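Novice: Got a structure here, written out as structure tokens. Questions coming.
Number of protein chains: 2
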Amino acid sequence: MSRIADISWRAEVAPGDIAQVRGLVAATRFFTEEEIAIAAELVEERLAKGAASGYEFFFAEKRNTVLGYACYGRTPGSDHSWDLYWIVVDPERQGQGLGREILARIEPKIHAGGGRLLWADTSSTGRYAPTRAFYLRAGFLEAARLANFYRPGDDKVIYEKRL
Amino acid sequence: MSRIADISWRAEVAPGDIAQVRGLVAATRFFTEEEIAIAAELVEERLAKGAASGYEFFFAEKRNTVLGYACYGRTPGSDHSWDLYWIVVDPERQGQGLGREILARIEPKIHAGGGRLLWADTSSTGRYAPTRAFYLRAGFLEAARLANFYRPGDDKVIYEKRL
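Protein chains in written order, with this note's numbering: chain A, 1 to 163; chain B, 164 to 326.
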């Protein structure tokens, strides 16, 4: 975790984060064009509407370059559930605990906001095995699978973490 | 179903639908203020962004008054899943097949758009028993339950219909 020491952390969202998030999400080579666009749109939503957007952000950066971030928010209609919409780490910084550290830093914020359950979901395919392993290592449990949700043979796996 | 005969149907969204949807959703006395606001915001999103909003609407109306509507859309990131976000019928017209008729009219549109699975979710509490019964009558199957999702003792029940 020694390389975590050079990271600075930030919850405020700035206009430059639209491009930073788009670039980071694209750099993982893990997401489709549509997903990259959605990730950037959530930053725009936050900038346009503030907290009323329902999207909270947390950035890990080094010399003004975002190396990882999470986008999360209270689940509309629930008293105590929150959704982890995105958690992304720069491919060159993956496997060094940065994702875990981002999560460890947002969980107290979520708890302070009344959150007791944090939900995340991902695909069941082999490509997402590292993502699923990340959630399990980070203390999430598999709560449900929706068969063939994304496409035939590609289930939605729903994870839950009690805070 | 005889009273269905006097209904007209419309997929186009007009600025007046913001107030119509808010009024209809409030009239059911079934949704919280937050939920009423969300229902109206989705109409605003559609008006502002068009099809790019991801929200499709279908209205049942009589003499320019909306008596029921559905809000649905392709699930981002999926090839063939669509979400039924809202389906609401005026309390004075409930139990007359209007909800089923709205669903029967949007399903071919969803199918034509590549949709093969339609997802809906609701609460496990007694208050939502009529909603759950509606989905089951309409051909949905229970796909999963997320325990205590909304609040302790109030699960999220996820329904799936194959189109």
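In this text, a Cβ means the ideal position worked out from N, Cα and C, and glycines have one as well. Model, not experiment: these values are computed from the prediction.
Under 8 Å between beta-carbons, which chain A residues line up against P239(B)? List them in chain order, please.
Specialist: The answer, in chain order, is E34, E35 and I38.
Novice: Identify, in the order they occur along the chain, each residue of the same chain with its Cβ nearer than 8 Å to the Cβ of P239(B), setting aside the five sequence neighbours on each side.
Specialist: For P239(B), where only same-chain residues beyond five positions count, the Cβ hits under 8 Å are G217.
Novice: Comparing the C-beta of A301(B) with each C-beta of chain A, is any distance below 7 Å?
Specialist: Chain A contact via Cβ: absent.
Novice: Tell me which same chain residues have a C-beta within less than 7 Å of the C-beta of E207(B), skipping the five on either side of it?
Specialist: Excluding sequence neighbours, E207(B) sits near I181.
Novice: Give a single yes or no on whether A301(B) has its beta carbon closer than 6 Å to a heavy atom of the ligand GTP.
Specialist: Of ligands this structure carries none, so the ligand GTP is not represented either.
Novice: For the alpha helix (DSSP H) that contains L187(B), what are its first and last residues?
Specialist: First-last of the alpha helix (DSSP H) with L187(B): D180 to A190.
Novice: On the CB-based measure, 16 or more other CB atoms within 10 Å of its CB, does D83(A) come out buried or exposed?
Specialist: With 16 or more other Cβ atoms within 10 Å, it is buried.
Novice: Would A203(B) pass as a contact of V184(B) if the rule is Cβ separation under 7 Å?
Specialist: It is a contact, given that the beta carbons lie within the stated cut-off.
Novice: Determine whether the beta carbon atoms of T191(B) and P254(B) lie at a separation below 7 Å.
Specialist: Taking 7 Å as the Cβ cut-off, T191(B) and P254(B) qualify as a contacting pair.
Novice: Per DSSP, what kind of secondary structure is I36(A) in: helix, strand or coil?
Specialist: The answer is helix: DSSP assigns I36(A) an H, G or I state.
Novice: Per DSSP, which one or two residues make a beta bridge with L281(B)?
Specialist: L281(B) pairs with W245(B) and K324(B).
Novice: For G213(B), count the other beta carbons within 10 Å of its own beta carbon; 16 or more makes it buried, fewer makes it exposed. Which is it?
Specialist: Exposed is the call here.
Novice: The beta strand (DSSP E) with R308(B) in it runs from where to where?
Specialist: Element bounds for R308(B): L304 to R314.
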